[in-house]
Amino acid sequence: MSDSTSPPAKLDFIRDIIAEDLASGKHSTIITRFPPEPNGYLHIGHAKSICLNFGIALEQASSGSKCNLRFDDTNPEKEDVEYVESIKADVKWLGFDWAENLYFASNYFSFFYDCAVHLIREGKAYVESQSAEEMRASRGNLTTAGTPSPGRSRSVEENLDLFSRMKSGEFKEGECVLRAKIDLASSNMNLRDPVLYRILNSLHHNTGDAWCIYPMYDFAHPLGDAMEQVTHSLCTLEFENHRPLYDWVIDHCPVPVKPRQIEFARLNLSYTIMSKRKLLELVQGGNVSGWNDPRLPTISGLRRRGYPPEAIVNFCKRVGITKFNGTTDVALLEFDVRDALNHSAPRRMAVLDPVKVVLSNWVEEPLNAVEVPNHPQNPEMGNREIPISSEVWIEREDFMEVPEKKFYRLGPGRHVRLKGGHIIRCTDYDKDAAGVITLIRAEILPGTVGADSPVGIECRAAIHWVDVATGVDAEIRLYDRLFTVEDPDAAEGGFLSVINPDSLKKVTAKIEPSLARVEAGFPCQFDRTGYFVADLADHHPGTQPVFNRTVALKDSWVKKGGR
RNA sequence: AGCCUCAUAGUGUAAUGGUAACACCCCGGAUUUUGAUUCCGUUAUUCUAGGUUCGAGCCCUAGUGAGGCUACCA
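In terms of this note's numbering, the first sequence has 226 at position 243, counting the first letter as 1, and numbering is strictly consecutive.
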């Protein structure tokens, strides 16, 4: 049995740079880092970064390379340990291991503070007393330079004094900040004397109330990287304009090494939103059930949806790393999901839209059970016995009163095989006043279990079924894309206006008895229907079976215009 | 408006000055007790205009289009 199609480890421009740095002797070991802020849940866009950073460390493991997990927790107002834990769980679930290399930017607060004092001493930083609004105004705009504020000309001694009083809590939030003294006329707005420290009186999840001043990302990040001796600091394209500031901080602070920031394109997926803010809006607005709603691109949502981690990792390899800001078709992701599941998921039978078939001549060759393979291509997965009796459920769409031309399944007078069991022939059927089929009558062809169809009998299809006597009712959640348009972010009425009203349909299905007893998280293929997983939150073995549709099977019948 | 970045089949990527290719999608066929899988096959690609060069997807210039930047967020 072959594994799922794991794409070969492709080279990309970042790995090229790393290979050069290794070859030239600039570095002998590579250190990368995945630096989430613990202010929300990880999504598949983060997975791309995780696969990149941890992937590189794994590829270079023989030279002692590693990837740190660092929490960039410099804004206590937004952060929480709850997120720290969920992020750790998600990284692990994806299959990556930071070993002992777990860090928090907040553990470097003293170092950051010393660096700030160093900058002040060097005349490279000053305490600003303007309000945020005043600063915005005096910073200028895209075409005109900024103007210096009174604080910019303070003496080193005064700055030292003011900054230490900021630290000791003498000032209120917003009263003053520490700014770098760089260039108010720079065409790069990030260099127009960016804020380095601000006053925040929130309780920090890690340092509690030890600090009331907190470093900004642009100050803390390069220093954190340098502290950890990171060689390549990989981030997304929106930080391109921050790189000069990153380098400025490194160049002007007493740091042991000089990491190199390299930017790559973040992941965009069609029919999907990736912004944390918008995801939060969906959660808070009740449009989805929570951060782990199976329709969300969050790692916890994808996990609950039944996406195997290797599918996500393979997908990340498949899309690669570039600086091109494109949008990847979700079809690529779904391919990897189907591909992984096709190889690993055992097959089971479930009827989502049941119609009862009564087998009138069952007594001619009655069976208690049939034996079917758990996987058509992988005998190692074994067989299982499924009870069967004189009445079975079949899928409503597997019967047509007046079959259209290429329809291979059941119809009046026609034959079909009950997968693993008899070939049956439809003899009659009942309809209600509305024309809905309520019952199908059929007869078994004795001697056809495990045998080819008898000469002269046309039987082109084997359909799935569930025994009426032993089948179990189950709640099935059929998920579809959350948005109706490819680019929800671009929707005129906003992304909320293009939510797919049919993104979740719940049906009560008939499932084979073994399925009612599986553990939550059990993945399988419902024969001919799709891949499903026992819901992590609501499925209870034996008492309350609940399954999520992970992804439907490809279906060239409906595609060709079949019903 | 200024600065930065990007542009290769429908989508994502490769080709590192020397015959434009791979995966997905699409379409067709074979096999199939899943209209799945697997296998085989088909269609289609270098944004535009100049320049350098024996030779340009690749280097240069200009244009066009897309993204980013004017937070005491990251």
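Glycine residues also receive a C-beta, built at the ideal position from the N, C-alpha and C atoms.
As the crow flies, the alpha-carbon of P429 is around 7 angstroms from that of H405. Taking a C-beta distance under 8 angstroms as the contact criterion, P131 and Y66 do not qualify as a contact pair. Beta-bridge partners assigned by DSSP to A425: L342, C409. Boundaries of the beta strand (DSSP E) harbouring Q508: 506 to 509, taken from the DSSP string. Pairing I494 with V74, the inter-Cα distance amounts to about 34 angstroms. Cβ-Cβ distances below 6 angstroms link K488 to L461 in the same chain, with the five nearest sequence neighbours on each side left out; the list follows chain order. Assigned with DSSP and collapsed to three states, P227 falls in helix. Counted as a single uninterrupted DSSP element, the stretch harbouring P198 is not any alpha helix (DSSP H) but the beta strand (DSSP E) occupying residues 196 to 198. Rounded to the nearest whole angstrom, the CA to CA distance from W194 to R162 is 18 angstroms.
In this structure, L252 and T311 form a Cβ contact; the two beta carbons are roughly 6 angstroms apart against a cut-off of 8 angstroms. F79 sits in coil when the DSSP states are folded into three classes, being neither helix nor strand. The distance from the Cβ of L217 to that of I(-3) is about 6 angstroms, consistent with a contact at the 8 angstroms cut-off.
By alpha-carbon distance to W231, the top candidate from W540, L393, A203, Y254 is A203. Beta-bridge pairing by DSSP links S132 to no other residue. For P356, the secondary structure class from DSSP, reduced to helix, strand or coil, is strand. According to the DSSP assignment, P292 belongs to the alpha helix (DSSP H) that extends over 292 to 302. Taking a contact as a CB-CB distance under 8 angstroms, the pair S(-11) and N297 counts as one, their CB atoms being some 5 angstroms apart.
Around the beta carbon of K31, 16 or more other beta carbons sit within 10 angstroms, so the residue counts as buried. Taking the CA atoms as reference points, A168 sits about 32 angstroms from G152.
In the structure shown, the three-state DSSP call for I377 is strand. Per DSSP, the unbroken alpha helix (DSSP H) holding H101 starts and ends at 92 to 104.
Note that the C-beta distance between W448 and K402 is below 8 angstroms. Using a Cβ distance threshold of 8 angstroms, F54 and F87 count as a contacting pair.
Excluding five sequence positions before and after A294, the CB atoms of its chain that fall closer than 6 angstroms to its own CB belong to D319, V320, A323, given in chain order. If the five residues before and after F307 are omitted, its C-beta is found closer than 8 angstroms to the C-beta atoms of A248, all from its own chain and listed in chain order. Take the alpha-carbon of S89 and the one of R532: they are about 41 angstroms apart. Between D450 and I377, the beta carbon gap of about 11 angstroms keeps them out of contact (Cβ cut-off 8 angstroms). The continuous alpha helix (DSSP H) containing C34 extends over residues 27 to 42. R135 places its beta carbon 8 angstroms or farther from that of G129.
Closest in C-alpha terms to L174, from the list L145, L228, G191, comes L228.
CA-to-CA, the gap between T453 and D413 works out to about 23 angstroms.
Per DSSP, R464 lies in no alpha helix (DSSP H) segment and is marked neither H nor E. Exclusion of the five residues before and after F390 leaves M383 as the residues of its chain whose Cβ lies within less than 6 angstroms of its Cβ. In the structure shown, L263 adopts helical secondary structure according to DSSP, grouped into three states.
By the 16-neighbour rule on beta-carbons within 10 angstroms, A520 is exposed. Under the criterion of beta carbons closer than 8 angstroms, F146 and V110 qualify as touching, at roughly 6 angstroms.
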